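Numbering (our numbering), first residue to last: 1363 to 1778.
See the structure below:
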C-alpha cells in the first residue's frame, strides 16, 4: 500500500512539473512584448509576471481534457468554458491602456495555441494507437517533455532583456531559469530513476524507497552546489550592462570638418562637444559594492560552502551505511555469500601427506625425491614405477632396486 502511494505521488508530481514547464515558458512572452514596446504595468514587472502565470489554467485544463474526455465535442466544450472563465480577468476593466490590450490579447492567443496543440497531441496519440506503432506511442510532445536543455530559452530571453534595456525582463528570465532548473532537475531524477528500476532486473529485490533515497541524496548535493554557483549572480544583478537595439539603426548625420594648416582637423562645434565630454567625465562613477555587502556575500558563501560540504559527507556516509546494513527495509537479513577456495581439498590433502610421519609415508617421500633428483621433466600419469626408474636412468642402480622393493610393498599395503 505504501509503495502504491509513493508511485501515485511521483506520478502526480511529474504531471505538475509538466504543467509548470509549459507555464514558465509561455509566461515570458508578454513581458518581452512589454520590454520591446517600452510599456509599463501598474504594480511593476512582478505584478505583470504574476498575472501572466494565469496561463497555467489553460495548460492544466487542456492536459486533463485531452486525455480523459473521449469526444471532440466534449473537449471543445470544456475549452470554451475555460476561455469564458478567463474572460473577466482579461477584458473587464474600468480603464484600458496599451499594456492592458497587449496583456489580454497575448493571454488569449497563448490559450488558443495551447488548446490547438493539445488537440493535435490527442490526434497523434489516437492515430498511433490505431496503427499499433510502438515508437509513436512512446513519443512525447513538447508539453510532456521537461528538459534541462530548455534553460537556453531563458538565456535567450535574458539576452533580449539586455538588448532592449529592460532590467525587469532580465530579472524575470533569470529567476524563472533558476526555478525551472531545480524543478525540472527533480523531474528528470524521478524519470530516470524509474526507468532504471524498470530496466535493471538486478534492482527488483531492492526496495524502491532505498533506490530513490540514495539517488535523492546525490542529486540534492548536486543541486546545492549549483545553488552556490548561482548566488554571486544574484548579488551582481545590479551591475549588468544594458543596451538598446532600437537605437542601433537610427539615422546618424555626417559631421563636417574644416582643414587647417599642418594637416590638422578641427570639428565644427567642438566647444559644445567639449562641454558634453566634461559633463560626462564629471558624472558619478559606476556603483561598487559596499564593505557591508562584500562582508555579507562572503559570510553567505562560507556558510553555504560549509553546508554543502556537510551535505556531501553525510550523503556519502549514508550510502555506505545503507550497503552495510544487516537488514533491509523489509526486515530481511542481508548476508554476503563468499566463494569457497577452489583447491581446498587438494591443500588439505597435501597438508595431511606432509604431516604424516609413518613408515609408509617416509618411503613414498623418499621414492619421489629420488626420482625427481635424477629426472628433470615431469613424469606422465600413466607411467609405472619401473618406467619411472628407467626414464630416470636408475634401472641398474642397486640402491634404487632396494627402494623399489620397499615402495612396492607400501604401494600394495604389504609393509610388515
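Built from N, CA and C at the ideal position, the CB exists for glycine as well.
Keep in mind the model is a prediction, meaning the values are calculated, not measured.
- The C-alpha of residue 1453 lies about 16 Å from the C-alpha of residue 1403.
- A check of alpha carbon separations from residue 1680 across 1574, 1395, 1768 and 1474 identifies 1574 as the nearest.
- The beta-bridge partner set that DSSP reports for residue 1606 consists of 1526.
- Residue 1753 and residue 1737 have their C-alpha atoms some 7 Å from each other.
- Residue range 1721-1736 is occupied by the alpha helix (DSSP H) that includes residue 1728.
- Ranked by Cα distance from residue 1672, the first of 1771, 1586 and 1369 is 1586.
- Closest in C-alpha terms to residue 1372, from the list 1740, 1551 and 1602, comes 1551.
- When the five nearest sequence neighbours on each side are left out, the beta carbons in the same chain lying within less than 6 Å of the beta carbon of residue 1530 are those of 1407, in order along the chain.
- The Cβ atoms of residue 1411 and residue 1534 lie closer than 8 Å to each other.
- In terms of Cα proximity to residue 1414, the closest of 1768, 1468 and 1599 is 1468.
- Counting other Cβ atoms within 10 Å of its Cβ, residue 1387 reaches 16 or more and is therefore classed as buried.
- Annotation for residue 1772: 1722, 1725 and 1726 place their beta carbon closer than 7 Å to its own, counting only its chain and skipping 5 residues before and after.
- It is roughly 54 Å from the alpha-carbon of residue 1438 to the alpha-carbon of residue 1675.
- Residue burial annotation: residue 1450 is exposed, with fewer than 16 other C-beta atoms found within 10 angstroms of its C-beta.
- Each residue's CA atom was taken as its position, placing residue 1436 and residue 1465 some 29 Å apart.
- Taking the C-beta atoms as reference points, residue 1419 is found nearer than 8 Å to residue 1448.
- Beta-carbon to beta-carbon, residue 1513 and residue 1543 are separated by about 6 Å, close enough to satisfy the 8 Å threshold.
- Looking at the backbone, the Cα of residue 1504 and that of residue 1382 are separated by about 13 Å.
- If you check the CB distance, residue 1379 and residue 1549 come in under 8 Å.
- The beta carbon of residue 1608 sits closer than 7 Å to no other beta carbon from its chain once the five residues preceding and following it are set aside.
- If the five residues before and after residue 1484 are omitted, its C-beta is found closer than 7 Å to the C-beta atoms of 1428, all from its own chain and listed in chain order.
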